[in-house]
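*Asks:*
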Amino acid sequence: YYKCPDHRKNYVMSFAFQFDNENDIYEFAYCFPYTNTRLSNWIATQEKRNLDYFYADVLCETVQQRQLDIITITSPQNIDPVRRKKIIFVTCRVHPGESPSSYVCEGLMDFLLEDTPAAKLLRDNIVFKFVPMLNPDGVALGNYRCSLMGFDLNRHWT
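Quick note: the sequence shown uses the numbering used here, first residue 133, plus one each step.
1) Measure the Cβ-Cβ separation of methionine 281 and leucine 171 and say whether it is below 8 Å.
2) Measuring only the C-alpha atoms, how far is isoleucine 220 from threonine 204?
3) Cβ of aspartate 284 within 8 Å of Cβ of arginine 277?
4) Short of 6 Å in beta carbon distance, which residues of its chain neighbour valine 263, apart from the five on each side in sequence? Order them along the chain.
5) Measuring CA to CA, which of Asp242, Thr206, Leu245, Arg225 is closest to leucine 257?
6) What's the gap between the Cα of valine 144 and the Cα of tyrosine 134?
7) Between the region 185-197 and the region 225-238, do three or more beta carbon pairs fall short of 8 Å?
8) Just to confirm before moving on: does the CB-CB distance between asparagine 168 and alanine 272 stay below 8 Å?
9) Please report the distance separating the alpha-carbon of histidine 227 from that of valine 190.
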């Protein structure tokens, strides 16, 4: 990690790797991957639990016909549209390469689904909405920052 004069004096991190077996496949990752399949399996596992405070729906389909999931975690009485409750809206993976956010999101949802007094208190008083993967096409394609169309979704929402 050093300041590089060839890159406008920005910091650069580099490493050397010895490829010692030409028949092996080597893969490098910025961080540990979190896939669409992992998210789908997590949702399916929660649905099998039949919790009355977990709701999974499909918000829409992407350009490549992938589901864009929306998860609601709250006590059943909060689903009544007449009752006004505070809503916390959490989104992750607008940039496909930021997989640590998916692990944080999964951990937060796991916490809210626990059978603990703290989780129950939060569910009773707040409606939690999660879009755990805003850019599933970009994730599936292995993009780091952009969507299928090459757009940075932080700057291009239409």
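The beta carbon of each residue, even a glycine, is placed where N, CA and C say it ideally should be.
*Replies:* Once the coordinates are examined:
1) As a position in the sequence shown, residue 281 is number 149, starting the count at 1. As a position in the sequence shown, residue 171 is number 39, starting the count at 1. In this structure, leucine 171 does not lie closer than 8 Å to methionine 281 by Cβ.
2) Locating residue 220 in the sequence shown gives position 88, where the first residue counts as 1. Locating residue 204 in the sequence shown gives position 72, where the first residue counts as 1. If I take the Cα positions, the gap works out to 10 Å.
3) Within the sequence shown, residue 284 is the residue found at index 152, counting from 1. Within the sequence shown, residue 277 is the residue found at index 145, counting from 1. A contact, by the Cβ cut-off of 8 Å.
4) For the purposes of this step, residue 263 is taken as residue 131 along the sequence shown, with counting starting at 1. Beyond the five residues adjoining it in sequence on each side, valine 263 comes within less than 6 Å, by CB distance, of Ile202, Thr223 in the same chain, given in chain order.
5) The count along the sequence shown starts at 1 and reaches residue 257 at position 125. Here residue 257 is asparagine; the residue named in the question, leucine, does not match the sequence. The option with the nearest alpha carbon to asparagine 257 is Thr206.
6) Along the sequence shown, read from residue 1 onward, the residue named residue 144 stands at position 12. Along the sequence shown, read from residue 1 onward, the residue named residue 134 stands at position 2. Straight-line Cα distance between these residues: approximately 5 Å.
7) Cβ pair count under 8 Å is below three, so no.
8) Along the sequence shown, read from residue 1 onward, the residue named residue 168 stands at position 36. Along the sequence shown, read from residue 1 onward, the residue named residue 272 stands at position 140. Yes, the pair counts as a contact, with Cβ atoms nearer than the cut-off.
9) If you number the sequence shown from 1, residue 227 lands on position 95. If you number the sequence shown from 1, residue 190 lands on position 58. For histidine 227 and valine 190, the distance between alpha carbons rounds to 20 Å.
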